[in-house]
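Quick notes on the structure that follows.
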Amino acid sequence: MSTNAPTTSLALERLRRLPQRDDVFEVALIRMPAWITGEGVPPFRPMLSQAVSRRADIVADGQMLRPGELGDHRPIEAVSKLAVHKAIGYRPTTVAVRDAALLEGLRAELAPLDIEVRLEPALAALDHVVAAMTRSQT
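Counting in numbering that gives the first Met the number 0, the sequence shown tops out at residue 137, every number present.
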């Protein structure tokens with residue numbers, strides 16, 4: 000059973016209370032470059048939900064997930080964290096994703112807040128963040 004419903008409701012309420020500005024938040028679930036190791040646990044690379052503002056070039060992280068937890072992925076958490084960031088303070092007009100699996104879920108959650116969710120083949124701002132993270136981990 001997922002424990003994300005109350006967290007998702009809180010994230011949506013935070014977004015609802017913010018003014019809306021013309022910006023695009025790029026959102027994706029990425030594989031972290033670093034391996035997590037520990038006693039009794041096979042090494043794994045966690046997945047991380049991230050959102051980047053194209054306008055402000057600021058990034059926020061959402062959930063970090065183990066490979067078996069991907070069904071509990073809630074990208075709305077990264078969107079909300081970015082929106083309430085002290086340098087942002089608004090909800091975007093658009094959220095861009097490149098994964099069709101994220102598209103419908105986010106559309107359903109964000110449509111009541113007048114946030115368009117669209118599929119884009121490239122997310123340059125997010126790719127830049129991931130490349131910088133990969134360089135710093137190697």
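Note that the Cβ used here is the ideal one computed from N, Cα and C, for glycine as well.
- Across the structure, Ser8 and Val78 are spaced so that their CA atoms are roughly 13 angstroms apart.
- Per the Cβ contact rule, the region 94-105 is not in contact with the region 33-47 (fewer than 3 Cβ pairs under 8 angstroms).
- Taking C-beta atoms as the reference points, Arg53 and Val23 count as a pair closer than 8 angstroms.
- In the three-state DSSP reduction, Pro111 falls in the helix class (H, G or I).
- At a Cβ-Cβ threshold of 8 angstroms, Ala59 and Lys80 count as neighbours.
- The criterion of a C-beta distance shorter than 8 angstroms is not satisfied by Val26 and Ala124.
- DSSP lists Val51, Ala95 as the beta-bridge partner residues of Glu25.
- Judged by DSSP in its simplified three-state form, Leu118 adopts strand.
- Here Ala10 really is in contact with Glu76; their C-beta atoms are around 5 angstroms apart, less than 8 angstroms.
- In terms of CA proximity to Ile29, Arg44 leads the group Gly88, Pro120, Arg44.
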